[in-house]
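Numbering (our numbering), first residue to last: 3 to 289. Note that beta-carbon positions come from the ideal geometry of N, C-alpha and C, so glycine has one too. In this text the structure is predicted, and so the values were computed from the model without any measurement. Worksheet for the structure shown next.
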Amino acid sequence: MKIVQQTIASLGSPMWIEPLGMPDRSAAVIARWRHPNGRLQIATADAIRVCLSLSTGQQVRHAERDRSLSKSVLAGDVIVLRPGIPSETTLEGDAELVQIFIEPESLGQVASNPVTRTLVAPPSGALKRAVVRLFVAARHDDWGGRRAAEIRLRNEVRALLAAPSDEEREPEVLPPAVISRAERLIAEALDRPSPASPTLRELAATARISPNHLIRSFRHMRGTTPHQLVMTRRCQRAMDLLRQPDLTVADVSDAAGYSSPAYFIASFRQQLGVTPGAYQRAVAREG
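This is the structure in structure tokens:
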């Protein structure tokens, strides 16, 4: 795929790169990059890109046509970039990410339809689990787990490409600023030295609505509930901490705000499909 070579030319050689799929013909490639800053310009992408951030704190700006997305990245963030449109991605900070490149033809008709909407698509929880499991299985040379995760990933990407665009969805229930404020309060609470998430009643009070109304609106606009977002953000904090090989699972559990290491391990595995220890070993393996 030409886009793999374009990415290497822009970001430098990857720390690790491997083909996926059948041995005689690779319809997908997985690779890991670490770089201080990067700017990637793609004339017309010939592959679907699934990007998993392993680090926290970088600023990413993605632009295509007359649209752009700018956000601060957290470990565990996943975005899917559709093919067929000129785009430019800029990364600021010491970024570390895994990218999976998939030939559109290998996903069938749904990926070959003309793209008229934004390239960037939010992933489901199942897609995120599949990406993390594929990365961990590949780093542990777990061929059975790798194949199962790749099949799951393709199914989830196919479903994402077939999902309705933003313009086709029902009108929003609450103003976006209300949901954004709730997200900000959750992030601020988890950033404190002793992270304790705000209660649902406290979040609803800031919006002057009932807790049930907040849950319905949050799920409609973000595809998740406030509680699920808290669990996701806490898991992302743990993923970032697990990049430090000198920290034990118990250390990470405490620093991320979990009530016990046992609960941390169970919650992490439920969200990502792998244990904290397996993820930490996969991240530590660079070559």
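- Annotation for residue 101: the continuous beta strand (DSSP E) segment containing it runs 89 to 104.
- According to the DSSP assignment, residue 134 belongs to no beta strand (DSSP E) but to the alpha helix (DSSP H) extending over 127 to 141.
- Within the same chain, Cβ atoms closer than 8 Å to the Cβ of residue 238 are found at 58, 76, 77, 78, 79, the five residues on either side in sequence being excluded.
- When 32, 251, 256, 250 are compared, the shortest CA-CA separation from residue 140 is found for 32.
- A Cβ-Cβ distance of about 20 Å is found for the pair residue 19 and residue 106, leaving them out of contact under the 8 Å criterion.
- In its chain, beyond the 5 residues on either side, 5, 85 have a beta carbon closer than 6 Å to the beta carbon of residue 47.
- With respect to the C-alpha of residue 74, the residue from 83, 97, 82 having the closest C-alpha is 97.
- A direct Cα-to-Cα measurement between residue 15 and residue 22 gives close to 18 Å.
- DSSP links residue 74 through a beta bridge to 61.
- Cβ neighbours of residue 63 within its own chain (closer than 6 Å, five residues either side excluded): 72, 92.
- A direct Cα-Cα distance of roughly 12 Å separates residue 236 from residue 265.
- Going by C-alpha positions, residue 145 is about 15 Å away from residue 276.
- Of 60, 254, 255, 157, the smallest CA-CA separation from residue 95 is found for 60.
- Inclusion of residue 231 and residue 159 in the CB contact set at 8 Å is not warranted, their separation being larger than that value.
- Contact annotation: residue 29 and residue 102 have beta-carbon atoms that are not nearer than 8 Å.
- DSSP places residue 149 in the uninterrupted alpha helix (DSSP H) bounded by 145 to 164.
- In this structure, the beta-carbon distance from residue 273 to residue 234 falls below 8 Å.
- Here DSSP, grouped into helix, strand and coil, assigns residue 54 to strand.
- Take residue 255, set aside five residues on each side of it, and the residues of its chain with a beta-carbon closer than 6 Å to its own are 263, 266, in chain order.
- Apart from the 5 residues on each side of it in sequence, residue 134 sits with its Cβ closer than 8 Å to the Cβ of 54, 78, 274, 275, 276, 281 in its chain, given in chain order.
- Exclusion of the five residues before and after residue 188 leaves 199, 200, 205, 228, 231, 232, 235 as the residues of its chain whose Cβ lies within less than 8 Å of its Cβ.
- The Cβ atoms of residue 180 and residue 245 lie no closer than 8 Å to each other.
- Counting only residues of its own chain and dropping the five nearest sequence neighbours on each side, residue 217 has a CB closer than 6 Å to the CB of 227.
- Across the set 82, 52, 83, 90, the C-alpha of 90 shows the shortest separation from the C-alpha of residue 65.
- In the DSSP assignment, residue 82 falls within the unbroken beta strand (DSSP E) covering 80 to 83.
- Residue 238: member of the alpha helix (DSSP H) spanning 228 to 243, first to last residue.
- If you check the CB distance, residue 162 and residue 129 come in under 8 Å.
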